[in-house]
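Enquirer: FYI, my numbering numbers position 22 of the sequence shown as 22, with every residue one higher than the one before it. Ideal placement from N, C-alpha and C gives every residue a C-beta, glycine not left out. Keep in mind the model is a prediction, meaning the values are calculated, not measured.
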Amino acid sequence: MMSNIEKHAFLFKALSDVNRLAVLRELQNGSLCACALGEKLDLAQPALSYHMKILCQTGLVNSQQKGKWKHYSLNPDFEKEIYRGLLSYL
């Protein structure tokens, strides 16, 4: 089990990648399937899958299987999670 410090470090590490920040920006407009997200960001499926796994593990992004497609959406509390993590170290 991760300590709070480890959880926050994992969250900040996830946010330090330009591709993952681009994913979060795209998801601000609503839920997207993996194929559309990969196309918008010009990411191959394996690369997108890697980034989405990390974002889902942080709790910033939710995933839902709809038929053969996986759809991703922002966790409604994701901004609170980021601020909570930052504020705990100030």
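DSSP three-state label for Asn4, please.
Expert: As a first step, residue 4 is located in the sequence shown; it is residue number 4 there, counting from the start. In this structure, Asn4 counts as helix in the three-state DSSP scheme.
Enquirer: Going by DSSP, which residues form a beta bridge with Tyr50?
Expert: Position 50 of the sequence shown, counted from the first residue, corresponds to residue 50. Paired residue(s): none; Tyr50 is not in a bridge.
Enquirer: Taking DSSP's pairing of strands, which residues face Leu24 in a bridge?
Expert: For the purposes of this step, residue 24 is taken as the residue at position 24 of the sequence shown. Per DSSP, none; premise fails for Leu24.
Enquirer: Find out if the Cβ-Cβ distance for the pair Leu37, Asn19 is shorter than 8 Å.
Expert: The count along the sequence shown starts at 1 and reaches residue 37 at position 37. The count along the sequence shown starts at 1 and reaches residue 19 at position 19. The answer is no: Cβ separation not under 8 Å.
Enquirer: Go through its chain and collect everything with a Cβ distance to Gly59's Cβ below 7 Å, but skip five positions before and after it.
Expert: The residue given as residue 59 occupies position 59 in the sequence shown. Once the five neighbours on either side are set aside, the close Cβ partners of Gly59 are Asn75 and Glu81.
Enquirer: Excluding five sequence neighbours on each side, which residues of the same chain lie with their C-beta closer than 6 Å to the C-beta of Asn133?
Expert: There is no way to answer for residue 133, as the model of the chain reaches only from 1 to 90.
Enquirer: If Ala34 and Lys70 are in contact, beta carbons under 8 Å, what's the gap, nearest whole angstrom?
Expert: Within the sequence shown, residue 34 is the residue found at index 34, counting from 1. Within the sequence shown, residue 70 is the residue found at index 70, counting from 1. Ala34 to Lys70, Cβ: 5 Å. Contact.
Enquirer: Tell me the DSSP secondary structure of Asn29 in three-state form.
Expert: If you number the sequence shown from 1, residue 29 lands on position 29. Coil at Asn29, not helix or strand.
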